[in-house]
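For reference, the structure discussed in these notes is given below.
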């Protein structure tokens, strides 16, 4: 029996402690204007007075307070120190409505730990504008009117276009005057074309200066000599000597034997020595090497055709002609 009284006393003490704890928190809902015109705004606030060390969770509202009442933006939070280790936390929503009616705003729950606190219920009345139809007439939709012509902008555009045309005309004039009609100085080109015998003599001189056979390069020496003569014969006699064997060259050059018999014999001896060196690996005597070079000079000099080929490309401008006319003395 004594134990039962003790338990009863313990639960009664817990109940008193809970009521004292709950009395430390007070919640309230308010609205700054309960009557608004359609489309206007009002502010709904939730206020909580609580100890500083306690945490109270406010209701989470999205974009609609109740059906017909919309929430604009995010809520604003404000905290005020009440003294004696207490604070007041205020959460404010901006609301509006676009339909005239009387709206009931129910109570909302605020939670602190295991305790739940309810706010008071509110109401919001939304009214529309009153229209006196006896005094107000109904007008038709007005026609679309074109804006007045902007003469300042028109003349400004004309001025800009005129300036652009002037600049373009100046550029064209400068290009035409100083670039396209720029005087071309007197140019005279004289191109000397080497004749076949001249080119052959130059290459023979180069072979002679390189002293190939003196350094044991007999095969290269005779290859170079016969190649010079083959190229010369193609240009001089129109014989495809580079593609022929020595026997074919001699057979094709029978016409040379009639007009230049000594040259033909020299050519025959050169080709025979060249074939021996290139294909039979024969090593001629120094005097035979000198003789082969002299045979090449002799063949070219005996069969050459001397003529002068000069190509001139004179270009004379007006100023140059005027200068030349001024330099010629006048007869009176």
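In mature numbering (1 follows the signal peptide of the UniProt record, and there is no 0), the protein residues as written are -22 to -1, 1 to 310.
Backbone N, C-alpha and C fix where the C-beta goes; we use that ideal spot for every residue, glycine too.
{"Asked": "Status (buried if at least 16 other CB within 10 Å, exposed otherwise) for residue 267", "Found": "buried"}
{"Asked": "Per-residue DSSP class, three states only, for residue 240", "Found": "helix"}
{"Asked": "CA-to-CA distance, residue 194 to residue 280, given in whole angstroms", "Found": "30 Å"}
{"Asked": "Beta-carbon gap between residue 24 and residue 86 smaller than 8 Å", "Found": "yes"}
{"Asked": "Classification of residue 277 by the beta-carbon crowding that lies within 10 angstroms, buried from 16 upward", "Found": "buried"}
{"Asked": "Identified DSSP bridge partners for residue 312", "Found": "Outside the shown range of the chain, which is -22 to 310, sits residue 312, and nothing can be said about it."}
{"Asked": "Helix, strand or coil at residue 230 according to DSSP, with G and I counted as helix", "Found": "helix"}
{"Asked": "The segment 130 to 145 / the segment 28 to 43 touching (three or more Cβ pairs under 8 Å)", "Found": "no"}
{"Asked": "Ranges of the alpha helix (DSSP H) found wholly within the segment 119 to 151, counting only runs of at least 4", "Found": "none"}
{"Asked": "Rounded C-alpha distance that separates residue 189 from residue 224", "Found": "25 Å"}
{"Asked": "Check whether residue 60 and residue 66 have beta carbons under 8 Å apart", "Found": "yes"}
{"Asked": "Residue 7 and residue 102 closer than 8 Å at C-beta", "Found": "no"}
{"Asked": "Proximity of residue 200 and residue 251 at Cβ, strictly below 8 Å", "Found": "yes"}
{"Asked": "Endpoints, the alpha helix (DSSP H) within which residue 207 is located", "Found": "196 to 215"}
{"Asked": "Rounded straight-line distance, which links the Cα of residue 119 to that of residue 125", "Found": "18 Å"}
{"Asked": "Integer Cβ distance of residue 18 from residue 74, believed to fall under 8 Å", "Found": "7 Å"}
{"Asked": "From 241, 198, 152, 145, residue whose alpha carbon lies closest to that of residue 259", "Found": "198"}
{"Asked": "Segment contact flag, the segment 148 to 158 with the segment 230 to 244, C-beta cutoff 8 Å, min 3 pairs", "Found": "no"}
{"Asked": "Under the three-state DSSP convention, the category residue 75 falls into", "Found": "coil"}
{"Asked": "Whole-angstrom distance between residue 107 and residue 91, CA atom to CA atom", "Found": "47 Å"}
{"Asked": "Per-residue DSSP class, three states only, for residue 31", "Found": "coil"}
{"Asked": "Per DSSP, the bridge partner or partners of residue 55", "Found": "69"}
{"Asked": "Limits of the beta strand (DSSP E) - the one that residue 90 falls within", "Found": "87 to 90"}
{"Asked": "Cα-Cα separation, residue 282 to residue 229", "Found": "20 Å"}
{"Asked": "Residue nearest to residue 183 in terms of C-alpha spacing, selected from 192, 142, 203, 143", "Found": "203"}
{"Asked": "Identity of the residues DSSP links to residue 101 by a beta bridge", "Found": "82"}
{"Asked": "Cβ-based neighbour list, residue 63, same chain, cut-off 7 Å, excluding 5 preceding and 5 following", "Found": "29, 30"}
{"Asked": "Inter-residue Cα distance where the pair is residue 79 and residue 105", "Found": "7 Å"}
{"Asked": "Close Cβ partners of residue 56 (< 6 Å) along its chain, the five nearest in sequence each way excluded", "Found": "68"}
{"Asked": "Buried/exposed call for residue 82, threshold 16 Cβ in 10 Å", "Found": "exposed"}
{"Asked": "Helix, strand or coil at residue 257 according to DSSP, with G and I counted as helix", "Found": "helix"}
{"Asked": "Best match in 77, 271, 98 for proximity to residue 196 [C-alpha to C-alpha]", "Found": "271"}
{"Asked": "Nearest candidate by alpha-carbon position, reference residue 191, set 275, 261, 22, 27", "Found": "261"}
{"Asked": "Rounded C-alpha distance that separates residue 181 from residue 174", "Found": "11 Å"}
{"Asked": "Residue range of the beta strand (DSSP E) that includes residue 182", "Found": "Where residue 182 is concerned, there is no enclosing beta strand (DSSP E), although the alpha helix (DSSP H) it sits in stretches over 174 to 188."}
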